[in-house]
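These notes are about the structure you will find just below.
Right, dumping it as structure tokens:
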């Protein structure tokens, strides 16, 4: 579903979100490159020296913190690229709410292969689960409000596909995946074009009829101009709650409204009460903490 369609998300805070998994072909290059970075030129020196070649073992991915799981398929792929015979039995699929001590997955197979893939699998799982958990904290905070929580393009280089997936797992939606998704006219574009009207005119002349145009504004005067130009979406940047409430009233459904500007789980409820369609948050992907997950050896 497009993030540009307004309406209540209509799901309880504790309900799992139905998110399509990422096809392996889309994430395999990223996971392979990460494994190669770790393996270097000589492979896992520690494991190869200590663990017998034929040794088989059983490990469990265990939560150390409460949160939301994301990245089980990425972890499975990391193990599988080292040894396709490794079995990963997922007990808590992506989107599951977890508590410390919960077993997320049981991994069985060649011990050398498991230990070699361990850090790559956990790096993805911890990072993606951190994003999903942070997203869920904002979604939970706004409750049944009609606003949707969306991420931005402020993603870590090379990680956008898995970071944006993790946002969806946490109950959020995605903004643009890249510069080629939609037009978003910001202050620098306007400065170079000479005016808002000229920037919008050039955008309309330069893109296809299916491409949406969004305009960033930070005053009510700019908002009125955006409404006259009939853009598809309006980004309300760093507005106070009072100004944003008036902005949403003036728009009155004629364009999609998006709030932006250092929004947190504590401030999100007030932003949502303005009636804005979207709440965009950059820190969900650019500076969120990891969720602590460990891989523990267990008796066979």
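Numbering (the numbering used here), first residue to last: 597 to 896.
Each residue gets a CB set at the ideal place from its N, CA and C atoms; glycine is no exception.
Contact between residue 759 and residue 738 does not hold, since the beta-carbon distance rounds to 21 Å and is not under 8 Å. Taking a 10 Å sphere around the C-beta of residue 880, we find 16 or more other C-beta atoms and assign the residue as buried. In this structure, residue 832 sits near residue 872, with a CB-CB distance shorter than 9 Å. At the C-beta level, residue 889 and residue 722 come within 9 Å of one another.
Distance from the CA atom of residue 886 to the CA atom of residue 702, rounded to whole angstroms, is 21 Å. In summary, residue 672 is buried, with 16 or more beta-carbon neighbours lying within 10 Å of its beta-carbon over all protein chains present. In the structure shown, the three-state DSSP call for residue 892 is strand. Around residue 733, the same chain offers 861 as residues with beta carbons nearer than 7 Å, after the five sequence neighbours per side are excluded. Annotation: residue 887 is outside any beta strand (DSSP E) and is labelled neither H nor E by DSSP.
Checking the DSSP bridge columns, you'll see residue 653 partnered with 705. Proximity to residue 884 across 679, 624, 750 peaks at 750, based on C-alpha coordinates. Annotation: the segment 719-769 contains the following complete segments of the alpha helix (DSSP H) (minimum length 4 residues), in chain order: 756-765. Beta bridge pairing from DSSP links residue 832 with 813, 855.
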